[in-house]
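J.:
Chains as they are written, first to last, in the working numbering: chain A, 1286 to 1399; chain B, 172 to 286.
1. Hey, does residue 1327/A have any beta-carbon neighbour from chain B nearer than 8 angstroms?
2. In this structure, does DSSP put residue 1368/A in helix, strand or coil?
3. In chain order, what residues of the same chain have a beta carbon less than 7 angstroms from the beta carbon of residue 1305/A, not counting five sequence neighbours either side?
4. Considering just the uninterrupted stretch of the beta strand (DSSP E) at residue 1330/A, what are its terminal residues?
5. Leaving out the 5 sequence neighbours to the left and right, which residues in its chain are closer than 7 angstroms to residue 1364/A when beta-carbon positions are compared?
6. Take residue 1295/A and list the residues in its own chain whose beta-carbon comes closer than 6 angstroms to its own, dropping the five residues that flank it on each side.
7. Candidates 1370/A, 1288/A, 1377/A and 1341/A: which alpha carbon is nearest residue 1390/A's?
8. With H, G and I counted as helix, E and B as strand and the rest as coil, what does DSSP make of residue 286/B?
9. Straight-line CA distance for residue 187/B to residue 286/B?
10. Using 10 angstroms around the beta-carbon of residue 215/B, count the other beta-carbons present and answer buried if the total reaches 16, otherwise exposed.
11. For residue 205/B, go through chain A and note every residue whose CB falls closer than 7 angstroms to its CB, in chain order.
12. Could you tell me whether the Cβ of residue 231/B comes closer than 8 angstroms to any Cβ of chain A?
13. Determine, using beta carbons only, whether residue 1339/A comes closer than 8 angstroms to chain B.
14. Would a C-beta distance cut-off of 8 angstroms place residue 284/B and residue 245/B closer than the cut-off?
15. Quick check on residue 253/B: does DSSP put it in helix, strand or coil?
16. How long is the line joining the alpha carbons of residue 193/B and residue 247/B, rounded to whole angstroms?
17. Do residue 273/B and residue 260/B come within 8 angstroms of each other at the CB atom, strictly closer than that value?
18. How about residue 1334/A and residue 1349/A: do their beta carbons lie closer than 8 angstroms?
19. At a threshold of 7 angstroms, does residue 1372/A count as lining the ligand PLP (C-beta to nearest heavy atom)?
20. Just to confirm, are residue 236/B and residue 190/B a CB contact at a threshold of 8 angstroms?
21. Determine the direct distance from the alpha carbon of residue 1372/A to that of residue 1324/A, and round the result to whole angstroms.
22. Determine the chain B residues that contact residue 1372/A at a beta-carbon separation under 7 angstroms, and present them in chain order.
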């Protein structure tokens, strides 16, 4: 069966420090991969999605970047964190087929910026 | 991305009652409408999903009702149980959910089932 792993589960970082969050998927190949941010009372906002290695699409302008160095690995990064980057970051994957393919989420990383 | 509006923001229901959460969308290109359930500290988990070619889909105690002309859909939880207490998100996407672009989520409903 397919599983998705995110780490770390929680992270406290000072303003201006770099960031690297990692997500890996097991049990499937060539998935679509997604990064979302969840802010309290604001639902989930799509940040990036990827259809393949090295292919990244950004949904919103921001202080963050994403990379997909391997088929089942998705990384969220920042060179200098801002206070506004605090939030709950979720990685998700879906099968690359025609229709009715749900997205499956990891358990997220709670990021606090001090 | 077009908006998906979800209501109510919070909901308290007695055990055994019916919980109803509503969503409305704007983008007529949306053709896949999933509902997710999220417990504290966890990622959202798919609960049930519907395509606009049907008006209702039922899975156990959970039912989605879909009104294409009104661009509205709702989640009904029958015989609500304390274990159903969670945050529920409606969402929408294009291409039957199989496209590469992501889901557009509502802002969530915090559901509490009182014993």
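C-beta: ideal position from N, C-alpha, C; glycine also.
T.: For this structure:
1. yes
2. helix
3. Closer than 7 angstroms at the Cβ level, and outside the excluded window around residue 1305/A, lie 1360 and 1362.
4. 1329-1337
5. 1303
6. Closer than 6 angstroms at Cβ, skipping near neighbours: 1395.
7. Proximity to residue 1390/A across 1370/A, 1288/A, 1377/A and 1341/A peaks at 1377/A, based on C-alpha coordinates.
8. coil
9. 9 angstroms
10. buried
11. 1387
12. No, because no Cβ of chain A sits closer than 8 angstroms to the Cβ of residue 231/B.
13. Output row for residue 1339/A: interface = no.
14. no
15. helix
16. 9 angstroms
17. no
18. Result no, Cβ atoms of residue 1334/A and residue 1349/A do not sit closer than 8 angstroms.
19. Inclusion of the ligand PLP in the displayed structure is not the case, the ligand content being empty and no account of it being possible.
20. no
21. Cα to Cα, the separation comes out at about 5 angstroms.
22. What residue 1372/A touches in chain B: nothing, since even the nearest Cβ is about 13 angstroms away.
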